[in-house]
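Enquirer:
Protein chains in written order, with the numbering used here: chain A, 10 to 231; chain F, 180 to 620.
1) Could you tell me which whole alpha helix (DSSP H) segments of length 4 or greater appear in the stretch 178 to 217 of chain A?
2) Report the three-state DSSP secondary structure of residue 344 of chain F (helix, strand or coil).
3) May I have the straight-line CA-CA distance separating residue 465 of chain F from residue 541 of chain F, to the nearest angstrom?
4) What are the start and end residues of the alpha helix (DSSP H) that includes residue 420 of chain F?
5) Taking 8 Å as the threshold (C-beta atoms), are residue 226 of chain A and residue 161 of chain A in contact?
6) According to DSSP, what are the bridge partners of residue 321 of chain F?
7) Would you mind sorting residue 126 of chain A into buried or exposed? The rule is 16 or more other CB atoms within 10 Å of its CB.
8) Leaving out five residues on either side along the sequence, give the residues of the same chain with a beta carbon under 6 Å from the beta carbon of residue 585 of chain F.
9) Please determine, among F:237, F:602, F:513, F:437, the residue with the shortest C-alpha to C-alpha distance to residue 375 of chain F.
10) Taking 8 Å as the CB-CB limit, is residue 153 of chain A close to chain F?
11) Using only the alpha-carbon positions, how far apart do residue 472 of chain F and residue 462 of chain F sit?
12) Any Cβ of chain A within less than 8 Å of the Cβ of residue 296 of chain F?
13) Using a Cβ cut-off of 8 Å, pull out every chain F residue sitting near residue 187 of chain A, in sequence order please.
14) What does the alpha-carbon distance come out to for the pair residue 343 of chain F and residue 49 of chain A?
15) Within 10 angstroms of its Cβ, does residue 143 of chain A collect 16 or more other Cβ (buried), or is it exposed?
16) Does the distance from the CB of residue 266 of chain F to the CB of residue 357 of chain F come in under 8 Å?
17) Residues of chain A with a CB under 9 Å from the CB of residue 285 of chain F: which are they?
18) Tell me, to the nearest whole angstrom, how far the beta carbon of residue 319 of chain F is from that of residue 348 of chain F; I am working on the premise that it is less than 8 Å.
19) Kindly indicate if chain A contains any beta-carbon less than 8 Å away from that of residue 304 of chain F.
20) Going by DSSP in three states, residue 273 of chain F sits in which element: helix, strand or coil?
21) Which residues of chain F have a Cβ atom closer than 7 Å to the Cβ of residue 43 of chain A, listed in chain order?
22) Using the Cα positions of residue 562 of chain F and residue 307 of chain F, report the straight-line distance between them to the nearest angstrom.
23) Taking 8 Å as the cut-off, does the stretch 496 to 513 of chain F touch the stretch 524 to 542 of chain F (at least 3 CB pairs, one atom from each stretch)?
24) Can you tell which of F:592, F:310, F:482 has the C-alpha that lies nearest to the C-alpha of residue 354 of chain F?
25) Determine the chain A residues that contact residue 293 of chain F at a beta-carbon separation under 8 Å, and present them in chain order.
26) May I ask you to report which of helix, strand or coil DSSP gives residue 511 of chain F?
27) For a quick check, are the C-beta atoms of residue 390 of chain F and residue 423 of chain F less than 8 Å apart?
28) Compare the C-beta of residue 47 of chain A against all C-beta atoms of chain F and say whether one is closer than 8 Å.
29) To the nearest angstrom, how far is the alpha carbon of residue 207 of chain F from that of residue 26 of chain A?
30) Mapping DSSP to helix, strand and coil, what is residue 174 of chain A?
31) Just verifying my parser: in three-state terms, what is the DSSP assignment at residue 298 of chain F?
32) Going by C-alpha distance, which of F:537, F:396, F:588 is nearest residue 601 of chain F?
33) Within its chain, find whatever has a CB closer than 8 Å to the CB of residue 524 of chain F; leave out the 5 residues flanking it on each side and keep chain order.
34) With respect to the beta strand (DSSP E) encompassing residue 160 of chain A, which residues constitute its N-terminal and C-terminal limits?
35) Since I believe residue 202 of chain A is in contact with residue 182 of chain A (beta carbons under 8 Å), could you give me their beta-carbon distance rounded to a whole number of angstroms?
36) With distance defined between alpha-carbon atoms, name the residue in A:197, A:187, A:105, A:28 nearest to residue 218 of chain A.
Following this line, the structure appears as structure tokens:
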């Protein structure tokens, strides 16, 4: 992306162009996953069921992009035999789209949970869990920016944020699991445990994306 | 001998030099032609003509450059956002407004970067692709969400929860696969209309309680007062009732608008029975006018819908029809099922009266809040209600009737249109309700 199109052989220009197209698809997928996350947040914490209905459609697009990017990456690696940063970029893309796709799947799960949670009155912890969800979303946003800028430092910074989400998961788990004298059914509590679990996993995948960006740039796995 | 040799050498040298000279001049002429600058005096020597040509070309270029500069400055301070991408969706240029609207803070003029690297908006990227593909301008409105990463570190902070903006984009295809996009911030407008609706529904909510108390007091007074004093209370009561049902209508309408499909209680029901029971309930009204009710369609038509809401729909429409029908007129209800063969997709409900119909100029507005037909005719009806006291309309003519009809039908996933019937000249309301839901559930 940083070499000029002048004095390069035509194959190189072609390769650059396919790389750029690939990058665009990855970023598009990132934008869709972010949107999906945002919608599941709305349906969970703002009781907006219409948002939950949109997610399956977006998920279909995400899956489609996922498959396409994987194929394109494989084709580029085998046909163009790239070297150094380019091959790191392609192999990192292949794994990174998996992470993105997983986050999308978790978002869909969360939307389903929000539908099940809807009949129950809002739980006391819900607003605090919303903060956790915001944190996870911020991490996803950060990792996508790091990816767009190919900024290794920003990629590694996502990991620091992950500790915050992990701690939040741990405390919420203790508080939810330790509840006594529950009146009525336990389903809302079970569902909330699933929610924090999913959020924690999503944050983990966002961390992975950040680290893969660091790997693309530096070539070291941390 | 040596002199002859010298002369031959000189001649050959001269011939060569002349030949080169001619070729050089020809090249110069071609160059001059390539410059394509008219108005150069052909009498001048070639070199000066060339020099003049180059100067003119330079001047022209500077002129064009300053022109471009001017246009860019105009776009820069334009009140709407503008951005331009090349054929690979890389941002070439954008103005200050677009930067602020889309939070493009990691881009410097002159840099070429993928638009998606700077603005993570799937909608915008797809819009640009579509424009390039179809080669025609497209208009689109969507909710743009600013990202969390606008802070230095991207860390989550309580007060930095991302905001959303309603943005309307108008894209236009440019040469060489480039695409320009104009961006308008519609957030203020959207918020204004939401605030307006909320204001009205809050007001209606606040009015309901005191109005109910007033009615109770008036009812209590009615029994205790003797004529002629009781006449005052008797005039007061219907007015209070009208106000109460107006407030109720507002509340129902705003409830329907905020969460349309969530509040429906769908259950299987028979449309024919439903519309007949609505007609029965209106008996005192149509008897007074000697109206005829004609039904065309299947004797039983099962559909899954919210019964009380659909009852409301038919009540509002039939009540209007009765109000505007002439003495001894006919009200026709026609049910059609489409497609006629195979699995039925939707039912079409036509309600036609023989009244004066909607004024042509009002047709686009009949479903809007507070719409009422011809004001003069409206007042007429009110006065007859007051003077005779016998003909009382169930809906109060609040001007919300058809607005409620439309919201209910929309919540059911259907559509409703209003026009005038070509034969009777009266109002013709056509409702389409899908069967689909009942098949799925």
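Even for Gly, the Cβ is constructed at its ideal location relative to N, Cα and C. For clarity, every value in this text was computed on a predicted model and none was experimentally measured.
Expert: On the basis of the supplied data:
1) none
2) In this structure, residue 344 of chain F counts as strand in the three-state DSSP scheme.
3) 26 Å
4) 409 to 437
5) Contact flag set, yes.
6) F:346
7) buried
8) If we look at residue 585 of chain F and ignore the five residues flanking it on each side, its Cβ neighbours are 546, 595.
9) Residue 375 of chain F has its Cα closest to that of F:437, out of F:237, F:602, F:513, F:437.
10) yes
11) 11 Å
12) The Cβ of residue 296 of chain F sits closer than 8 Å to at least one Cβ of chain A.
13) Residues of chain F passing the Cβ test: none, with the nearest at roughly 26 Å.
14) Rounded to the nearest angstrom, the two C-alpha atoms are 16 Å apart.
15) buried
16) yes
17) 154, 157, 158
18) The beta-carbon separation of residue 319 of chain F and residue 348 of chain F, rounded to 5 Å, stays under the 8 Å limit for a contact.
19) For residue 304 of chain F, the answer is yes, since a Cβ of chain A falls inside 8 Å of its Cβ.
20) strand
21) 299
22) In this prediction, residue 562 of chain F scores a pLDDT of 38, lower than 50, which makes its location untrustworthy; no coordinate-derived value is stated.
23) Look at the beta carbons and you see the stretch 524 to 542 of chain F touching the stretch 496 to 513 of chain F: at least three pairs across the two are nearer than 8 Å.
24) F:310
25) 29, 32, 33, 36, 157
26) strand
27) yes
28) Interface residue, yes.
29) 40 Å
30) Reduced to three states, the DSSP call for residue 174 of chain A is helix.
31) Three-state DSSP puts residue 298 of chain F in coil, outside helix and strand.
32) F:537
33) 517, 518, 613, 614, 615
34) Unbroken run through residue 160 of chain A: none, as it is neither H nor E.
35) 7 Å
36) A:105
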